[in-house]
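Note that the sequence shown covers residues 1 to 209 in the numbering used here.
All residues carry an ideal CB built from backbone N, CA and C; glycine is no exception.
What follows is a single structure, written as structure tokens, with notes after it.
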Amino acid sequence: MRRTRLWVVALLLVVMTAAVWGQSFKATLVGVVSDVQRDAIPGASVTLERADTGERLSAISDAEGRYSFQQVTPGVYVLRCEAKGFAAHTEQNLTLEVSQTRRYNFLLRAGGIAETVTVTASEITINTEVGAKTEVMTTRQIEDLPLNGRNYLDLAKLLPGVQESPEDAGKLNTNGTRSDATGYIQDGISNRIDRGAGQAVVTSPDTIQ
């Protein structure tokens, strides 16, 4: 069975208020490529590959070693950097969350591209790039928390500022806004009915991760 990746204000179900509905739920990744002396490495090839779909993005570092990926669908990625005269560097588990701007700086050591430095566990980082606030419910929480009625939206009610609409049963209010200001994004695609502002498709909790 294909499992749907769902974020509850991350986990690819996105519940957004009217203030951010017009903004993208997608993530941004920025960083600098430099050597061990902290000198910038221009012209480095940086690739970002989504672990579950194989979707690949690429970028080249500029004269100051900077690179960026904009409008990236949240998920888990493999990030790789290659530069002539340096050992390649691979990050195996880079998680990008909803509306997150994350920084990942490469520090390359001298060597051939055939040599690869691999990091298998992404370190926990604090988002200092933007002031947006998001909440993440992990796969473990989704699996462990009981669901009376098997409605996965009940999980969203556990997040700060989210409650069921008193006027529209089964719909959510976020931070005091109306239910028609709430959007639902599943696997990077809108799952929202324009009229009524509910979900277009109700997903089984067994398919959510």
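Could you tell me if residue i is buried or exposed, where buried requires 16 or more neighbouring beta carbons within 10 angstroms of its beta carbon?
i      : result
Gly183 : buried
Ile193 : exposed
Gln186 : buried
Thr53  : exposed
Ser190 : exposed
Ala156 : buried
Arg109 : exposed
Leu153 : buried
For residue i versus residue j, is the C-beta distance shorter than 7 Å?
i      : j      : result
Tyr67  : Gly31  : yes
Gln92  : Val78  : yes
Glu115 : Ala83  : no
Thr28  : Thr95  : no
Asn173 : Gln163 : yes
Val33  : Gly65  : yes
Glu61  : Thr47  : A small correction: the amino acid at residue 61 is Ser; Glu does not occupy that position in the sequence shown. Result no, Cβ atoms of Ser61 and Thr47 do not sit closer than 7 Å.
Val36  : Pro74  : no
Glu49  : Arg38  : no
Phe69  : His89  : no
Return the first residue and the last residue of the beta strand (DSSP E) that residue i is part of.
i      : result
Ala27  : 27-35
Ala88  : 88-96
Thr59  : This sequence places Ala at residue 59; Thr is not what is there. Counting along the chain, the beta strand (DSSP E) containing Ala59 begins and ends at 56-60.
Leu48  : 45-50
Arg66  : 66-72
Thr174 : 172-174
Tyr77  : 75-82
Glu167 : Counting along the chain, Glu167 falls outside any beta strand (DSSP E), and DSSP gives it neither H nor E.
Run through the DSSP bridge pairs and tell me what residue i is partnered with.
i      : result
Arg102 : Leu29
Thr118 : Thr90
Tell me where the alpha helix (DSSP H) around residue i begins and ends.
i      : result
Gln153 : Rather than Gln, the amino acid found at residue 153 in this sequence is Leu. Per DSSP, Leu153 belongs to the alpha helix (DSSP H) from 153-156.
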